[in-house]
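Q:
In our numbering, the protein residues as written are -6 to 306.
Here's what the structure looks like:
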C-alpha cells in the first residue's frame, strides 16, 4: 500500500511539473524534449552547459555541440538560418529540378552542404580552417555523400597564403581572413586561398546553378575570383555581405557591389520578419537598407533578371 501511494505521488508530481512547464515555460519543456531526443548522453540534459548531440538534418546525420552558436541553433531549430536554407532548397528545386551544381563557399562544419545534398546534383564545398574542416569531412563520410566534393582552401582574387584569424570556441562561424572582422578572433595559421574560376575549371565544372557564400568579410575578393563563373553561368548567389569602412576588403558602395556581378543582375535581401522557427522568408529590395558607412551584415540574394520568376518575394 505504501509503495502504491509513493507511486501515485511521484506520478502526480511529474504531471504537475509537466503542466507547469507546458503552460508557463513551454520553451524549457521543448528544450528538454529536444535534449532527450538528441543528446549523446541523457545525463547531459541535467545541468551541463554544453553537450554533444546528434540531429537529423533534412534526412542526414549532423553531429554537434551546444557550446557552439551554430550548433545550438541546429539543436533548437533543426537547422541554422532556416529561412536561407529553405530559400536555397526552393530555388534549386524550382529552377533546376534538383539537378544543379551548388557551391558552398565558407562551408564550416557542413550544414548547408548536408542540407543541400538532397537537392543538388553536385556540391563543391570550400573550407580552409582545419578544426571545422575536420567536422565537415566527418559529416560527409558518415552520411556517405557521394555528391559532395570538399576543397580545403578559401577563395579569393589571387592564389596566395594568408593569415587566418580563428574564432572563439563559442562561435566557430566567425573565423576570417580579415583581421578587423571580429575583436574576439585571434591570429592562427597561414591558410591557402585560390582563385575560384581556376579551381572550378580544373575540376571540370561546366555549370553552376546556385552559390551560397558566407566568409566573414572576404566576399568581395572571392566574388572577383569568380568573375568568369558568374559571367558564363549566371548563377543565383546568396551571400552574407559585411560592410565595414575600417577594412579595405569590404564593399564601400552600392555601385561597387553592382560591379562585382555581370550586367542585368538584381539584388534583394531577407526581411527582418523572416521566421527562423518555421523557415518562412520574405525578400525585399535592398534600396535604402544597406549602410556602407558602418559595420553591418546582410543576407543578400543576387540574381540574373532572366531567373526572376524563380525568386519568391
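All C-beta atoms, glycine included, are put in the ideal place defined by N, C-alpha and C.
#1: Could you give the first and the last residue of the continuous beta strand (DSSP E) run that contains residue 105?
#2: Answer yes or no: do residue 218 and residue 188 have a C-beta to C-beta separation smaller than 7 Å?
#3: For residue 168, which residues in the same chain have their Cβ closer than 6 Å to its Cβ, ignoring the five residues on either side in sequence?
#4: Evaluate contact between the region 277 to 285 and the region 209 to 216, counting only Cβ atoms and requiring at least three cross-stretch pairs below 8 Å.
#5: Look at the Cβ atom of residue 113, then the Cβ atom of residue 143, and state whether they are nearer than 7 Å.
#6: Taking Cβ positions, are residue 165 and residue 215 nearer each other than 7 Å?
#7: With contact counted as at least three CB pairs below 8 Å, one residue from each stretch, are the region 96 to 114 and the region 235 to 245 in contact?
#8: Note down the Cα distance separating residue 21 from residue 42, rounded to an integer number of angstroms.
#9: What residue from 47, 171, 297 and 130 has the CA that sits closest to residue 203's CA?
#10: According to DSSP, residue 211 sits in a beta bridge with which residue or residues?
#11: Just to confirm, is the Cβ distance from residue 125 to residue 102 under 7 Å?
#12: Need the endpoints of the alpha helix (DSSP H) that residue 124 sits in, please.
#13: In three-state DSSP terms, what is residue 14?
#14: Looking at the strands, I want to know which residues DSSP matches up with residue 58.
#15: Given this structure, state the Cα-to-Cα distance separating residue 190 from residue 269, to the nearest angstrom.
#16: Tell me residue 206's beta-bridge partners as DSSP assigns them.
#17: Sorted by chain position, which residues of the same chain lie with C-beta nearer than 7 Å to residue 151's C-beta, five sequence neighbours on each side aside?
#18: What distance in whole Å lies between the Cβ atoms of residue 94 and residue 198, which are believed to be in contact at a cut-off of 8 Å?
#19: Can the beta-carbon of residue 263 be found less than 7 Å from the beta-carbon of residue 295?
#20: For residue 79, report the span of its alpha helix (DSSP H) as first-last.
#21: Going by C-alpha distance, which of 185, 156, 163 and 162 is nearest residue 173?
#22: Hey, is residue 284 close to the ligand NAP, as in C-beta under 6 Å from one of its heavy atoms?
#23: Report the rounded CA-to-CA distance for residue 70 versus residue 271, giving the unit in angstroms.
#24: List the endpoints of the continuous alpha helix (DSSP H) containing residue 226.
#25: Terminal residues of the continuous beta strand (DSSP E) containing residue 179?
#26: Could you tell me how far apart the beta carbons of residue 90 and residue 141 are, in whole angstroms, since I believe they sit closer than 8 Å?
#27: In whole angstroms, give me the CA-to-CA distance for residue 226 and residue 96.
#28: Measure from the alpha carbon of residue 206 to the alpha carbon of each residue in 177, 179, 292 and 185, then state which is nearest.
#29: Is residue 15 buried or exposed, if buried means 16 or more other CB atoms sit within 10 Å of its CB?
#30: Answer with buried or exposed for residue 278, where buried requires no fewer than 16 other C-beta atoms within 10 angstroms of its C-beta.
#31: Using the C-alpha atoms, what's the distance from residue 235 back to residue 222?
#32: Are residue 46 and residue 60 closer than 7 Å when you measure CB to CB?
#33: Looking at the unbroken alpha helix (DSSP H) that takes in residue 248, where does it start and where does it end?
A: Answer, in terms of the structure:
#1: It is not in any beta strand (DSSP E) - residue 105 instead sits in the alpha helix (DSSP H) that spans 104 to 109.
#2: yes
#3: 122, 159 and 160
#4: no
#5: no
#6: no
#7: no
#8: At residue 21, the pLDDT of 48 sits below 50, so the modelled position is not reliable; the number obtained from the coordinates is stated separately. Between residue 21 and residue 42, the C-alpha separation is close to 14 Å.
#9: 297
#10: Partner(s): none; residue 211 has no beta bridge.
#11: yes
#12: 123 to 135
#13: At residue 14 the pLDDT is 38, less than 50, meaning the model places this residue with poor confidence; the figure from the coordinates comes in the next sentence. Residue 14: helix per DSSP, three-state reduction.
#14: 45
#15: 33 Å
#16: 98 and 232
#17: 188
#18: 6 Å
#19: no
#20: 75 to 89
#21: 156
#22: Annotation note on the ligand NAP: not contained in the displayed structure, which lists no ligands.
#23: 8 Å
#24: 220 to 226
#25: 179 to 188
#26: So it is not a contact: roughly 19 Å between Cβ atoms.
#27: 13 Å
#28: 292
#29: Confidence is the limiting factor: at residue 15 the pLDDT is only 41, short of 50, which leaves the residue's position unreliable, though a coordinate-based value still follows. Answer is exposed; the Cβ neighbour count stays below 16.
#30: exposed
#31: 22 Å
#32: no
#33: 247 to 252
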